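Peer 1:
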Amino acid sequence: MMLDTSDQKNFVAKVDDLKVYFNSKRGTVHAVDGISFDVYKGETLGLVGETGCGKSVTGRSFLQLLPIPPGVLAGGSITYNQQTNSSQRIETGSKPGFPNSRNFEFKKVDLLTLTGEEIRKIRGDSIAMIFQDPGKSLNPTLTIGAQLSEVFLQHRTEEILEMAGLGSEAPGAIRRFASQRNRIFDKWLVNLSGNRLTKSRVEKAVADLVAKALSDTQVPNPVKLMDRYPHELSGGMKQRVMIAQALACNPDILIADEPTTALDVTVEARILDLIQDLQQRRQTSVVYISHDLSLVRRICDRVAVMYAGRIVEIGTNNEIFKNPRHPYTIGLMKALPSADTARGELLAIPGNVPELINPPQMCRFSSRCAFATDKCKNQDPQLEKVTNSHSVACFADVAEISGK
Amino acid sequence: MISKKDNVGQPILSISDVAKHYPIREGALQRVVGHVRAVDGVSFDIFPGKTVGLVGESGCGKSTLGKVVAGLTDPTSGSVRYNFNTQLVSISSLEKNKFKNFRRNCQMVFQDSFASLNPRHLVFDIVGRPLKVYKEVSGYDLVEKVVSLLNQVGLGREHLYRYPHQFSGGQRQRISIARALALNPEIIILDEPTSALDVSVQAQILNLLNELQKARNLAYLFVTHDLSVVRHMADSLVVMYLGKIAEAGETQAIFAKPYHPYTKALMDAKPSFDEGQNSKAKGLEGVVPDPARPPQGCRFHTRCSLATDKCGWEVDDVVRWLEDTPGMFESLTAVERKSEFSAVLSFSDESSAANLKQEMRSEKLPASMRKALNKVNINEKNVQIEFEPVEEILLREKDGRHAACIIEPKKVNQEA
Ligand SMILES: Nc1ncnc2c1ncn2[C@@H]1O[C@H](COP(=O)(O)OP(=O)(O)OP(=O)(O)O)[C@@H](O)[C@H]1O
Ligand SMILES: Nc1ncnc2c1ncn2[C@@H]1O[C@H](COP(=O)(O)OP(=O)(O)O)[C@@H](O)[C@H]1O
Ligand code: SF4
Ligand code: SF4
Ligand SMILES: [Mg+2]
Ligand SMILES: [Mg+2]
């Protein structure tokens, strides 16, 4: 097998020089312009940065969810180090292939070049995403209960069989049905060799699991909610349904794009607990996109700071928050209102994010940077290591900046 | 002539006992079967040059209150009075011209910039429209005025001829703010204006709002769920829970020492940035109850960790508990109420009834709820339940602070 074992431990995903452009009448928008980072197994990686800097585009790239066109994949790759159970054993028939005696192997795929069919298999299964805008990601024609049941049947087969009292002695036929990816819940049930008792037991188990998942996200009246359609729910409720759905998949990687922005602080704390539970249970890696620095500081192991389509600084939580090196990162933190900032004296970063149309060869932050020099206006700084885990894209003398 | 000092003492808007109930309609005939009590008796004043912060969970009625205050919808009862040349006049009694004048002086920035910006209009039209409607400027000057408004919110000339969907969420919110600023209003109601913004832009906007406030003596009603932002921006704070004020007073004092357990819970749910990596956020248990049937006594009693037996335990608490207990709710067939505090619950089988009776005295229910329970009798499939009735717990004033809680502020802050 051609596996690099050191690599295997290191990352579940490796973004390498990713470039996503958007064609517009006025030129090509370099929304994401050559970014590279790894996502380690089980970690929470925060992705922060100003609005429009390319966080969502980066997140969506993992699942080929970009609007193409007008979007253009202009280069790079996202290698997904997929852990798969070896199906060879079942096929060669040496032993019955019970899922609990799975044999794992790693398969590296480039998420950007997978076919539609292949990426659909990964989407919502080994990689799940919670969207900033929950409206579009639920199926408007299915009740909440029906769409969640589908997901649970796909991903929690074992648990459901267990709950239905069909655990270990479930006949192979049911198992195979269970692990199949049938679209419609009812079809799946009808196929259960016409066994009405089994059917109602499975149905009940799924319903219980769905109700539990919904009530975990603190939606009011989860049981009633299951009969409702997405358009009947408020934004915050849709968001929580989507979270329940994403968590149900037990994914390897969860891309959470501002998952709690539409929610109350009291619920947010709860949702974060749920995500952390999942992480502990399944070693899920979370890419947490947010502009809430206090939240990112609280929950993330590592943080990548994006600016104008680039990562300008990446490091561990402590490195970023206690020892920030990039003037933009430093500026972000100074901009936060704290208990003793006088009103009207927040240290805003002056100016705006530059247009991302055909950006010139220079530091993209230079128009707003207090430390900019001629060099910054003529050359484009690249990410360089300060420590093994901490990289910064800036020409300036760091000591001078932090001394100020 | 009134002296300057008197003027400071006069509110620009006075909200008194405002309620807004939305009818709930059901069935083919759309009969009204109840009311959502989105806002249920709220009073406070807004002073020129000052900011009132309004916080609370979603669905507690903040946006509804904002819309009532802005005159975009009429209150069911109570009044919003606007200061016309030192006279407080109810805005619902204003004649057309004066109402127009009020509306122009009282602008609103909405929470959802997707919904509030017409997707078919260019930024130029969106921001320029109020100026055109009120015939402020026209022609070339209009373009320049719009550009200057855009500049004020961190956008520029290059954005004039684009549609809202071409902007990110944060950029769209800036457009909404530019539109609200266009007519130089006296009051701006800001409904979560920076929730969609990143911190550096938020800092720009907050600084900008502050500058504008100083320069024009603007009054703000600042609706937000971000406590670090209200703490920074608001002179006084109104904390709402389920349509009512839980606590109100001077902002810094409330942060130093909340008098209401709900305020405390909000603060604990969102540690500030300075509290660092290992700070633990404490979520609030349970959900916001249905605003169509707000809880008795203190509306917060269903989720309050400090609740006492005097806080309003009622029949609905039993029903809510049954709803959350799988298996039990299905066998509940009827609830016959004598009052909010006394009822007979009927079940489809005797074992469920027996089960309820047993659980009512078990540790699964909060001790304070059990203490408030006067009676629980079983008769075959029926369980009679009676709680000690209590009056609504009203706002009380203490040291210039209003709080609707029966326990001592000291106790609220004791709990770790
Ligand atoms: N469908 C699209 N068509 C054209 N341009 C787009 C499209 N989607 C995104 N962009 C552009 O790509 C850039 C990055 O957008 P993205 O949505 O990733 O920002 P973001 O960092 O997630 O911002 P926010 O914090 O507001 O969510 C922006 O300049 C945006 O205008
Ligand atoms: N137009 C409406 N019709 C019926 N109910 C409404 C309407 N607008 C708001 N509500 C209800 O009123 C309550 C308060 O809503 P809202 O003021 O939007 O809360 P907030 O802004 O605090 O999140 C909620 O229960 C909401 O569902
Ligand atoms: S490279 Fe120059 S302009 Fe860019 S952030 Fe560093 S100092 Fe500022
Ligand atoms: S009155 Fe005070 S202690 Fe009682 S439930 Fe309400 S907030 Fe809690
Ligand atoms: Mg985004
Ligand atoms: Mg609102």
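As they're listed, the protein sequences go chains A and B.
Heads up: the first sequence begins at 4 in my numbering, then just goes up one per residue.
Heads up: the second sequence begins at 2 in my numbering, then just goes up one per residue.
Note that beta-carbon positions come from the ideal geometry of N, C-alpha and C, so glycine has one too.
Computed from a prediction, not measured in an experiment: that's the story for all the values here.
Is the shortest distance between the beta-carbon of E315(B) and the beta-carbons of chain A less than 8 Å?
Peer 2: Chain A, which has no Cβ nearer than 8 Å to the Cβ of E315(B), makes this no.
Peer 1: Tell me, please, which residues DSSP counts as bridged to S80(B).
Peer 2: Paired residues: S17(B).
Peer 1: Would you call the CB atoms of E389(B) and D291(B) closer than 8 Å?
Peer 2: Result no, Cβ atoms of E389(B) and D291(B) do not sit closer than 8 Å.
Peer 1: I want to verify the contact list: residues of chain B whose CB lies under 7 Å from the CB of I352(A), in sequence order.
Peer 2: Correct list: S201.
Peer 1: Can you list the residues of chain B that D276(A) reaches, using a CB-CB cut of under 8 Å?
Peer 2: Per Cβ cutoff of 8 Å: G284.
Peer 1: Report yes or no: is there a C-beta of chain A within less than 8 Å of the C-beta of L182(B)?
Peer 2: False, the Cβ-Cβ gap to chain A never drops below 8 Å.
Peer 1: Decide yes or no for the touch test of the segment 31 to 51 of chain B against the segment 377 to 388 of chain A: beta carbon pairs closer than 8 Å, at least 3 of them.
Peer 2: No: fewer than three Cβ pairs fall under 8 Å.
Peer 1: From the DSSP output, which residues share a beta bridge with Y291(A)?
Peer 2: Note: Y291(A) sits in a beta bridge opposite G49(A) and A259(A).
Peer 1: If I follow the unbroken alpha helix (DSSP H) through L281(A), where does it start and stop?
Peer 2: Where L281(A) is concerned, the enclosing alpha helix (DSSP H) stretches over V268 to R285.
Peer 1: How would you call Y135(B), buried or exposed, if buried means at least 16 neighbouring beta carbons within 10 angstroms?
Peer 2: Flag for Y135(B) reads exposed.
Peer 1: Hey, out of F100(B), R180(B) and R175(B), whose CA is closest to K133(B)'s CA?
Peer 2: Checked all of F100(B), R180(B) and R175(B); the closest Cα to K133(B) is R180(B).
Peer 1: Thinking just about the alpha-carbon of each residue, which of A338(A), I333(A), D136(A) and V213(A) is nearest to the one in Q157(A)?
Peer 2: Of the candidates A338(A), I333(A), D136(A) and V213(A), the one whose C-alpha sits nearest the C-alpha of Q157(A) is V213(A).
Peer 1: According to a CB-to-CB cut-off of less than 8 Å, which residues of the segment 256 to 273 of chain B neighbour chain A?
Peer 2: Under the 8 Å Cβ criterion, the segment 256 to 273 of chain B contributes F256, A266, L267, A270, K271, P272 and S273.
Peer 1: By DSSP's criteria, A249(B) is part of a beta bridge. Which residues make up the other side?
Peer 2: V239(B) and H403(B).
Peer 1: For chain A, find out if any of its Cβ atoms is closer than 8 Å to the Cβ of L30(B); answer yes or no.
Peer 2: So no, L30(B) is outside the interface.
Peer 1: Assign M365(A) to one of three DSSP states: helix, strand, or coil.
Peer 2: Three-state DSSP puts M365(A) in coil, outside helix and strand.
Peer 1: Got a sec: does ligand 3 put a non-hydrogen atom nearer than 7 Å to the Cβ of A368(B)?
Peer 2: No, Cβ of A368(B) sits at least 7 Å from all heavy atoms of ligand 3.
Peer 1: Give every residue of the same chain whose Cβ lies closer than 7 Å to the Cβ of V42(A), excluding the five residues on either side of it in the sequence, and list them in chain order.
Peer 2: Taken in chain order, the residues that qualify are F14, V15, A16, L48, I256, S288 and V290.
Peer 1: Terminal residues of the continuous beta strand (DSSP E) containing D46(B)?
Peer 2: Element bounds for D46(B): R32 to I47.
Peer 1: Write down every uninterrupted run of the alpha helix (DSSP H) in the segment 297 to 339 of chain B whose length is 4 residues or greater and which is fully enclosed by it, in chain order.
Peer 2: Segments of the alpha helix (DSSP H) lying fully in the segment 297 to 339 of chain B: 316 to 324 and 329 to 332.
Peer 1: Kindly identify the DSSP beta-bridge partner or partners of N383(B).
Peer 2: In DSSP, N383(B) forms a bridge with S347(B) and N380(B).
Peer 1: Would L395(B) be called buried (16 or more neighbouring beta carbons within 10 Å of its own) or exposed?
Peer 2: Flag for L395(B) reads exposed.
Peer 1: With a threshold of 7 Å, establish whether the CB of F301(B) neighbours any heavy atom of ligand 4.
Peer 2: Yes - ligand 4 has a heavy atom lying nearer than 7 Å to the Cβ of F301(B).
Peer 1: Please confirm whether any heavy atom of ligand 4 lies closer than 7 Å to the CB of A308(B).
Peer 2: Because some heavy atom of ligand 4 lies under 7 Å away, the Cβ of A308(B) counts as near it: yes.
Peer 1: With distance defined between alpha-carbon atoms, name the residue in L350(A), C252(A) and P363(A) nearest to A204(B).
Peer 2: Measuring from the Cα of A204(B), the nearest candidate turns out to be L350(A).
Peer 1: Run through DSSP, which three-state label would A257(B) get?
Peer 2: DSSP places A257(B) in helix when its eight states are reduced to three.
Peer 1: Just the chain A side, please: which residues come within less than 8 Å of G157(B) by C-beta, in chain order?
Peer 2: By Cβ distance, chain A contributes N355.
Peer 1: What residue range is occupied by the uninterrupted beta strand (DSSP E) comprising G72(B)?
Peer 2: Counting along the chain, G72(B) falls outside any beta strand (DSSP E), and DSSP gives it neither H nor E.
Peer 1: Which chain A residues are close to V289(B), counting only those with a beta carbon under 8 Å from its beta carbon?
Peer 2: Within chain A, the residues near V289(B) are P223.
Peer 1: Taking 7 Å as the cut-off, does the CB of P262(B) come closer than this to any heavy atom belonging to ligand 4?
Peer 2: Yes - ligand 4 has a heavy atom lying nearer than 7 Å to the Cβ of P262(B).
Peer 1: Classify F374(A) as helix, strand or coil using the three-state DSSP reduction.
Peer 2: It is coil, neither helix nor strand.
Peer 1: Any beta carbon of chain D sitting closer than 8 Å to that of E120(A)?
Peer 2: The structure shown contains no chain D; its protein chains are A and B.
Peer 1: Considering just the uninterrupted stretch of the alpha helix (DSSP H) at T61(A), what are its terminal residues?
Peer 2: Segment K58 to S64, the alpha helix (DSSP H) holding T61(A).
Peer 1: Taking 8 Å as the CB-CB cut-off, is V230(B) touching chain A?
Peer 2: Answer yes: the Cβ-Cβ gap between V230(B) and chain A drops below 8 Å somewhere.
Peer 1: May I have the straight-line CA-CA distance separating A293(B) from G148(A), to the nearest angstrom?
Peer 2: Approximately 24 Å, taken between the alpha carbons.
Peer 1: Buried or exposed: where does V268(A) fall if 16 or more other Cβ atoms within 10 Å of its Cβ makes it buried?
Peer 2: Looking at its Cβ environment, which holds 16 or more other Cβ atoms inside 10 Å, V268(A) is buried.
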